[in-house]
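Protein chains in written order, with this note's numbering: chain G, 1 to 343; chain S, 1001 to 1536. Here's the structure, in structure tokens; my notes come after.
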Amino acid sequence: MIAYLLRRLNLFVVTIFVVTLATFALNYLFPGDTLENLSGISSHQTAEYNQIVQYHGFDHNIVYQYGMYLQHLWKGDWGISSSSGNDIVEEIKLVLPATLELSVYAMVLSLFIGIPFGFWAGLRHRRPIDLGILSASVLGYSIPVFWLALLLILFFALQLGWLPMSGRISLLYDIPHYSGFILIDILKSDIPNKQDALSNAIRHMILPTLSIALVTATIVIRITRRSVADVMQSDYIRAALARGLTRPQVFWRHGLRNTLLPILPQLVLQFTTLLTNAMIVEVIFSWPGIGNWLMQAVYVQDFPAIRGGVLAVSIVVIIFTLLMDIVLRVINPLKNRDIHGTI
Amino acid sequence: MKYNLFAACLVLLGIGACTDQHTTRQQLDGFIYCSEGSPGSFNPQMDTSGTTADATAHQIYDRLIEFDPHTNKLEPALAESWAISSDGLTYTFQLRKKVSFHQTSYFTPSRYFNADDVIFSIDRWRLDDHPYHRVSGGVYPYFVSLGLTSIVASVERINGYRIEIKLTRPDSSFLANLATDFAVILSAEYAQQLLDDGHPEQIDQLPIGTGPFVFESYRKGRYIRYHKNENYWHHEVSINQLIFDITPASSTRLAKLLTGECDAIAFPAYPDLNIIKSRANLQVDEKPGLNVGFWAFNTQVEPFNNPLVRKALAMAIDKDTLINTVYSDSAVRARSLLPPTSWAYQASAKDSSYNPVLARELLDEAGIPEGFTFDIWALPIERAYNPNARKMAELIKGYLKQVGVNVNVVSYEWSTFRQRLREGKHDTVLIGWNADNADPDNFYRPLLSCAAIASGTNRSNWCNEEYDSLIDQALLYSEPEVRSLFYQMANTILSDEMPLVPIAHAYRYQAYQNRLKNFDINPFGGIKLGDVEKVR
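The structure is reproduced here in structure tokens:
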């Protein structure tokens, strides 16, 4: 197990290294002055300029510059946003939790929708209900997430007026920033009408969560359905049925665990796709997450922010994937006998 | 277990949906204004853009005197009364007592507003060697474009609550300028504190004023948060919280107005007005605006330095069609710079008429061959004076094709656009002007005087000494009839020289939830939200 962990850690370090190399290269590939892209400071005052040159090692060769870059990243100095003038790490700390919060809720919701429907379809393999669910999921999968989001806004926000369409919570509630997760922050805060704030935040959450969750749920349905169908046709299930167990007994005792274990890694992998969808949906719902923030940065050509955002999202994805790998191995030690790293 | 959680989740979703029309106490007290962009600064002295003025001028600050939006007359504000000497050179202001500046987390005033604050606020833009003059860029476009820096000779304190301003020459628009969005009163005590702390630039980022709302926090591109000034000298402020929800897309602003997430929105788009009017809970107000949309020629570029070419191009376009298409009946045709609501409006001013045949003849006379090509820069954002400059540019392109002239329509991102305009890199530009006060000088001087070239508001880069002397002379008299005569003479020069083609004066619209009361259109510049009330 320790050898396994070490290998994972090694893979983690190498991957992060490649990402930092790529983001460092971006400074050269973005239009404009490399040093300005790196630091976010456009200074033509000689004294200050010399200081920046020295700080980023631009009076040395490119390898040294990269070394300085790594050192600054490690220290938490990711540069300054050229549009707002704020520290990039501070800005990311404000926006990244909002994205993670949205993604986690959407992931949970998609599992709660997808797995039961997947089981239902798998257990009724090739019957009308199965074909119905399968067609619905293929249809759902073909709908682009941004279009679905707009449809939901049109129907629930504009036509029916049930739900709000932008932001995380009405701006009238001034929730102090604590963890960045709005529900936790509301509970932690000492604002007068917590109940109202909570329900307001939940109402803001419904449409964005739903649009991401529905798209992911369609994939979950298909993965689960396939696995259930395979397991239910396997020999040990038939043997159990032949011994006279009822279908529910067979399913709960032998089917369920054997169905879920092999698909867990596939389900977990959906999280990265979901994160991408979340970043798109954020823009539509003006959700103050990192997707929205990156879009703004692209719009005003704030290169330090783009670089920082890309790096932050990559690190989140890498850490998440590796953690899940380890967790899955603990749950199911039979899997991943191979100790070679994959990502 | 799984199904239990699923059910719990559904219940949770249900709670959210059930409470939909539930209006909390907090929502009633708060006012959300969905604005179109982020302010450039929190000090309107530094920026003439309407976005900055809307967000700051009447919310955070007060002026010595104000315009009454209903009567267009000057009324006392921080100055209780004022007197003008008979030679028109000395202005004496008696200041209001017991007016306190905002108390915030970053500043606690130790004294009331007094003469020192007025002197500081004026000297900051007036004196090059003032310790605050160079802070935050040191550009004061409004005061520079009107030449106020040279008009004011001195600002002196007579006692703690009385000041005297001496002018170098009589200027009948001086009081009107003191009542504009830009002539705000800052706190000298706060400035001194910041100077001692070594962060003078914070005066324009963490503002302190005497106005109805106190600055709380700001996130660029997201929101500005204000709360009520409990000690406002003028009246009780009924709104506890004022929030600017920065929403650049006009379609999103409309949607948020429909869902009730905005109480009022900036610049409702013209095609959307009917949707808003059809909703029982929404209200649209309209008022003729003090603005002008125009097509300016850069007169320092060949061949637009030739008045013949400018007149020919003015004749080649059909203004009525442009107005019908772009403003959809929400504007009146402009004859000259001033809108019909101004007291100096000249109904008989000579207007160019659509005549493509004569236009071609004039172009031939000026030596412009068939197939000549130039650029029209189209304003990239919506403004009341020109809601869709790109469309207008395309229409003009069509008209000019008929007289054998080709056009490239050019546009940049707004701040880049203004930057390049200031550098004079354009051939012609579709842009406009929103007046900051009711005085006609506010149109004639910033748009076309020689001094306005340097400050970047003279889009034609046109300088005519005769014109300048006429508008200067107009300021020497205080009788409207006499001043009107000078402006009529200036109009004649404009129609002969045609440095710009005035196109339209647009109506101003305001769209809001009808539970708002006292939400009036301010015909001059920035919105005023201090009096607004929200009722059940």
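Ideal Cβ placement from N, Cα and C applies to all residues, glycine included.
Would a C-beta distance cut-off of 8 Å place residue i and residue j closer than the cut-off?
| i | j | result |
| --- | --- | --- |
| P1200(S) | Y1132(S) | yes |
| G118(G) | V18(G) | no |
| T358(G) | L311(G) | In the structure as shown, chain G starts at 1 and stops at 343, and residue 358(G) therefore has no counterpart that could be examined. |
| S1038(S) | K1256(S) | no |
| I1060(S) | G1209(S) | yes |
| D230(G) | R8(G) | no |
| I1503(S) | W1233(S) | no |
| L1475(S) | D1116(S) | no |
| L1379(S) | L1430(S) | yes |
| R1225(S) | E1216(S) | yes |
| Y173(G) | N200(G) | yes |
| P1499(S) | R1310(S) | yes |
| L1516(S) | A1347(S) | no |
| G167(G) | S286(G) | yes |
| G1398(S) | A1053(S) | no |
| L1337(S) | Y1218(S) | no |
| Q1094(S) | A1079(S) | yes |
| Y1161(S) | N1114(S) | yes |
| A98(G) | G180(G) | yes |
| F1031(S) | N1437(S) | no |
Could you tell me whether any Cβ in chain G is nearer than 8 Å to the Cβ of residue i?
| i | result |
| --- | --- |
| R1222(S) | yes |
| A1316(S) | no |
| I1122(S) | no |
| G1037(S) | no |
| L1005(S) | Any reading at L1005(S) is ruled out, since the residue's pLDDT is 41, under 50, leaving its predicted position unreliable. |
| G1030(S) | yes |
| Q1094(S) | no |
| Q1283(S) | no |
| R1225(S) | yes |
| V1535(S) | no |
| Q1241(S) | yes |
| T1024(S) | At T1024(S), the pLDDT of 47 sits below 50, so the modelled position is not reliable and the matter cannot be decided from this model. |
| L1013(S) | Caution applies to L1013(S), whose pLDDT of 44 falls short of 50 and renders its modelled position unreliable; the model cannot decide the point. |
| G1526(S) | no |
Against chain S, does residue i count as a neighbour if the rule is that its beta carbon must be under 8 Å from one of theirs?
| i | result |
| --- | --- |
| G161(G) | yes |
| A213(G) | no |
| P304(G) | no |
| Q296(G) | yes |
| A157(G) | yes |
| P288(G) | yes |
| S84(G) | yes |
Q) Are the segment 1282–1294 of chain S and the segment 1507–1515 of chain S in contact at 8 Å, needing three or more beta carbon pairs? A) Verdict: yes, contact present.
Q) What alpha helix (DSSP H) runs, 4 residues minimum, are completely inside the segment 5–75 of chain G? A) Here the runs fully enclosed are 34–39, 46–55, 62–75.
Q | chain G contacts from the segment 1244–1271 of chain S (Cβ-Cβ distance under 8 Å) | A | In summary, the residues of the segment 1244–1271 of chain S whose CB is separated from some CB of chain G by less than 8 Å are D1245, T1247, T1252, A1255, K1256, L1258, T1259, G1260, E1261, in the order they occur in the chain.
Q: Count the CB pairs spanning the segment 1164–1181 of chain S and the segment 1189–1204 of chain S that are closer than 8 Å, and state whether there are at least three.
A: Between the segment 1164–1181 of chain S and the segment 1189–1204 of chain S, the count of Cβ pairs shorter than 8 Å is below three; the stretches do not touch.
Q.
Can you pull out the residues from the segment 159–191 of chain G whose beta carbon lies closer than 8 Å to at least one beta carbon of chain S?
A. Cβ contacts with chain S: G161, W162, L163, P164, M165, S166, G167, S170, L171, L172, Y173, D174.
Q. What are the complete alpha helix (DSSP H) segments, minimum 4 residues, inside the segment 1260–1332 of chain S?
A. Runs of the alpha helix (DSSP H) spanning 4 or more residues and lying entirely within the segment 1260–1332 of chain S occur at 1273–1277, 1307–1316, 1319–1327, in chain order.
Q: Name, going along the chain, the residues of the segment 1504–1524 of chain S whose beta-carbon falls closer than 9 Å to a beta-carbon of chain G.
A: Here the close residues number zero.
Q: Would you mind listing the alpha helix (DSSP H) stretches within the segment 1336–1389 of chain S that are 4+ residues and don't spill past its ends, in chain order?
A: Taking 4 residues as the shortest admissible run, the segment 1336–1389 of chain S contains the following complete alpha helix (DSSP H) segments, listed from N- to C-terminal end: 1356–1365.
Q.
Check whether the segment 271–282 of chain G and the segment 100–116 of chain G touch, using three or more Cβ-Cβ pairs below 8 Å as the test.
A. Enough Cβ pairs lie closer than 8 Å, so yes.
Q.
Would you call the segment 133–141 of chain G in contact with the segment 185–199 of chain G, where contact means no fewer than 3 C-beta pairs closer than 8 Å?
A. These segments do not touch.
Q) Which whole runs of the alpha helix (DSSP H) in the segment 1119–1201 of chain S are 4 residues long or more, in chain order? A) DSSP runs (the alpha helix (DSSP H)) wholly in the segment 1119–1201 of chain S: 1141–1145, 1148–1151, 1174–1178, 1188–1197.
Q | Runs of alpha helix (DSSP H) lying entirely within the segment 1394–1463 of chain S, each at least 4 residues, in chain order | A | You should have 1414–1422, 1441–1448, 1451–1455.
Q. Enumerated in chain order, which unbroken segments of the alpha helix (DSSP H) with a length of 4 residues or greater are wholly contained in the segment 265–302 of chain G?
A. List check, alpha helix (DSSP H) in window: 290–299.
Q. Can you find at least 3 beta carbon pairs, one from the segment 1353–1365 of chain S and one from the segment 1398–1412 of chain S, that sit closer than 8 Å?
A. Touching, yes, given that three or more Cβ pairs across the two stretches are closer than 8 Å.
Q) With contact counted as at least three CB pairs below 8 Å, one residue from each stretch, are the segment 54–72 of chain G and the segment 81–93 of chain G in contact? A) They do not touch, by the three-pair rule.
Q: Pick out the complete beta strand (DSSP E) segments inside the segment 1072–1124 of chain S, 3 residues or longer, and give them in chain order.
A: Within the segment 1072–1124 of chain S, the runs of beta strand (DSSP E) that reach at least 3 residues and sit entirely inside it are, in chain order, 1074–1076, 1079–1084, 1090–1095.
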